[in-house]
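All letters in the sequence shown, in the order written, are residues -18 to 224 by this note's numbering. Here is the structure we will look at, set down as structure tokens.
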Amino acid sequence: MTADILIEPRREKHEKQLPEEGVLFANPSDAEVEIAFLKQQGGESRFLFNSGLCVERRKKFIAGPAVGAPMAAIVLEKLVALGAERIVFFGWCGALDPGLRIGDILVPDTALSGEGTSSYYPLKGGDPAPDAGLRESLVKRLQRLAMPIKTGRIWSTDALYRESRAELFSLRAKKAVVAVDMEFSALCAVAAFRSVALAGALIVSDELWADEWRPGFTQPHFRKIAARVRRLLVQEAFGVFSR
């Protein structure tokens, strides 16, 4: 426990221990589909405040939604308190680099915080980053399945509707940021603070590097890739987490 902190996340007496490994979904549509799928496979639905949680044969769990840095941090804190130690995050991101297009898979190697949650989880040095070992395992698994992936730094923001062209251009030019989301930097900060492993796979849902915004949320290509990756993580979680 941390001195002078009023509320510490914990597992209550009536709450079951979680498996060490699982997947956290940012978006409601992804979480709803995969929780329903896991329940059909015999998974056990459990209570998770303002989110969803399903456990499959004590081997892995899936949780979500967790939209935005504050909610993502709250959900991750509770999952860790329940026993989670290795978590793969699945979300969407906007591309800031022309090398990223709608439907591409991004596995970030570093994160830059533009949200307000990370500062409450002080790090020893540097920007938030995923666990190197878990990230490597995730990349290798995706590569073995012949799914092309990209890597790079991601910037997380709280203000989806306040992204200016000038700011995004500056982030790309001066900070080597290739994409933007709303959760990843905070999740990395929480994971490092709680000494658990976290890595993420994000699908490019829109392009922000041109003069005009190009959304791809409803494009069949985007939906197909997102469905393939999220189902892979649910069905073959141990393939992702094992070296």
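Backbone N, C-alpha and C fix where the C-beta goes; we use that ideal spot for every residue, glycine too.
Can you give the Cα-Cα distance for Arg195 and Ala140, rounded to whole angstroms? Near 18 Å, if we compare the C-alpha coordinates of Ala140 and Arg195.
Judging by CA-CA distance, which residue of Leu63, Pro0, Gly3 and Glu37 is the nearest neighbour of Phe30? Check the Cα spacing between Phe30 and each of Leu63, Pro0, Gly3 and Glu37: the tightest is with Leu63.
Residue interval of the alpha helix (DSSP H) (run including Lys41): In the DSSP assignment, Lys41 falls outside any alpha helix (DSSP H) and within the unbroken beta strand (DSSP E) covering Lys41 to Gly45.
Drop a sphere of 10 angstroms on the beta-carbon of Phe28, count the other beta-carbons inside from all chains shown, and report buried for 16 or more, exposed for fewer. Label assigned to Phe28: exposed.
Would you report the Cα separation of Lys20 and Glu13, rounded to the nearest angstrom? Roughly 11 Å between the two C-alpha positions.
Contacting residues, own chain, Cβ-Cβ under 6 Å from His202 (five flanking each side not counted): Sequence-distant Cβ neighbours of His202 in its own chain, meaning closer than 6 Å and more than five residues away, are Gly84.
Using CA atoms only, rank isn't needed, just tell me which of Glu2, Asp78 and Val36 is closest to Glu(-4). Ranking Glu2, Asp78 and Val36 by Cα distance to Glu(-4) puts Val36 first.
Tell me where the alpha helix (DSSP H) around Ser26 begins and ends. No alpha helix (DSSP H) holds Ser26; the beta strand (DSSP E) holding it covers Glu25 to Arg27.
For a quick check, are the C-beta atoms of Val69 and Ala157 less than 8 Å apart? Cβ atoms of Val69 and Ala157: not closer than 8 Å.
Pop quiz: Thr98 and Ala50 are said to be a contact at Cβ under 8 Å. What is the actual Cβ separation, rounded to whole angstroms? Yes, Thr98 and Ala50 are in contact; Cβ-Cβ is about 4 Å, under 8 Å.
From the DSSP output, which residues share a beta bridge with Lys131? According to DSSP, which records beta bridges pairwise, Lys131 is partnered with Leu87.
Helix, strand or coil: how does DSSP classify Ala110 here? Coil.
State yes or no: is the C-beta of Val210 within less than 8 Å of the C-beta of Leu77? Taking 8 Å as the Cβ cut-off, Val210 and Leu77 do not qualify as a contacting pair.
Classify Ser137 as buried or exposed, calling it buried when 16 or more other Cβ atoms lie within 10 Å of its own Cβ. A residue is called buried once 16 or more other Cβ atoms fall within 10 Å of its Cβ, and Ser137 is buried on that count.
Keeping to the same chain, check which residues put their C-beta closer than 6 Å to that of Val120; ignore five residues upstream and five downstream. Closer than 6 Å at Cβ, skipping near neighbours: Val88.
How far does the beta strand (DSSP E) with Arg(-8) in it reach, from first residue to last? Counting along the chain, Arg(-8) falls outside any beta strand (DSSP E), and DSSP gives it neither H nor E.
So, under 8 Å CB-CB, Ala47 and Glu164 are touching, yes? Tell me the CB distance rounded to an integer number of Å. Going by Cβ atoms, the distance from Ala47 to Glu164 rounds to 7 Å, so yes, they are a contact pair.
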